[in-house]
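The structure under discussion appears below in the form of structure tokens.
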Amino acid sequence: MGLFSKVKDLLQANTMDLISKAEDPEKMLNLYVERATEEVRNFQIQVNRALADKILLEERIEGLNKEIKVRGEQAELAVQQGKDDLARNALTYKKQAEISKSDYESQLLEQTKSVKDLRDNLRVLSEKLEKAKLERNDLVMRQRRAETMKKANEAVSGLSSHDPLGDFERMKDRVERMEAEAKASGTMVHTSTIERQFAELEASKVNSQIEDELVKLKQENKIELNKN
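Okay, so the sequence shown: first residue is 1 according to full-length UniProt numbering, each after it adds one.
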């Protein structure tokens with residue numbers, strides 16, 4: 001599998017599946033982005049090397065063009081001076097340079113296409129990496145919100161098994177019951193006082209009747225004494 005394919009597969013991995021299996025989703029997402037970033041960095045190195053090879057081919061072709069020109073001038077000068085063997089040697093070097101140039105030009109065409117493809121792939125990978133970073137940030141925020149909601153739900157669930165507010169209501173009922181008992185007790189005391197007052201009135205009435213009867217008896221007895 002080529003470098004581009006590995007990075008592409010990595011960036012297209014099922015992130016949600018990764019999160020569901022990870023103990024720390026945020027940590028795993030950061031690791032995921034770091035790995036992808038490293039792969040893109042390595043791919044950038046490959047692009048730079050390919051570009052360097054292209055430049056090297058261009059420089060060799062330029063050097064061969066200069067050599068071809070120089071060998072042609074040397075052959076022409078040797079012919080002018082009647083030195084056919086020297087001219088022949090110059091033409092031989094010129095021909096070798098032309099052959100090498102043709103070979104390098106073919107390589108340059110392939111290398112130019114390769115550099116273009118690599119640059120296009122690097123651009124795609126860089127865009128995917130930036131998208132992955134944005135998705136990582138979004139997923140981290142969603143994870144944090146989910147954790148917050150989970151803790152809130154667990155707190156509410158805990159309250160349902162032992163609700164402090166329920167204890168509050170029970171205490172409120174107890175206080176109200178004590179208040180009612182106090183009122184009832186006050187009512188009983190008041191009632192008892194009234195009853196006692198009525199009893200005292202009744203007793204006073206009886207005593208008054210007794211005194212009246214006593215006075216009456218005394219009067220009757222005095223009358224009897226006077227008759228005798």
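Just so you know, even glycine gets a beta-carbon here, dropped at the ideal spot from N, CA and C. It should be emphasised that the depicted structure is a prediction, and the values quoted were computed from it without experimental measurement.
Lysine 83: not part of any alpha helix (DSSP H); DSSP gives it neither H nor E. CA-to-CA, the gap between leucine 109 and leucine 134 works out to about 38 Å.
The beta-carbon distance between alanine 97 and alanine 36, rounded to whole angstroms, is 46 Å. This is too long to meet the 8 Å contact definition.
Contact between the segment 136-152 and the segment 47-67 is not established, with fewer than three Cβ pairs separated by less than 8 Å.
Per DSSP, reduced to three states, the secondary structure at aspartate 117 is helical. Just measuring C-alpha positions, the residue of Arg136, Leu217 and Glu181 sitting nearest glutamate 26 is Arg136. Cβ neighbours of leucine 51 within its own chain (closer than 6 Å, five residues either side excluded): Val115. Contact check for leucine 129 against valine 47 fails: the beta carbons are separated by 7 Å or more.
Judged by DSSP in its simplified three-state form, aspartate 24 adopts coil rather than helix or strand. Spatial neighbours of arginine 60 in its own chain (CB-CB distance under 7 Å, excluding positions within 5 residues in sequence) are listed in chain order as Tyr104. Rounded to the nearest angstrom, the gap between the Cα atoms of glutamate 181 and arginine 174 is 10 Å. A distance below 6 Å between beta-carbons, with the five flanking residues on each side excluded, links glycine 72 to the following residues of its chain, in chain order: Lys94.
Ranking Ser100, Lys101 and Glu76 by CA distance to the CA of asparagine 89 puts Glu76 first.
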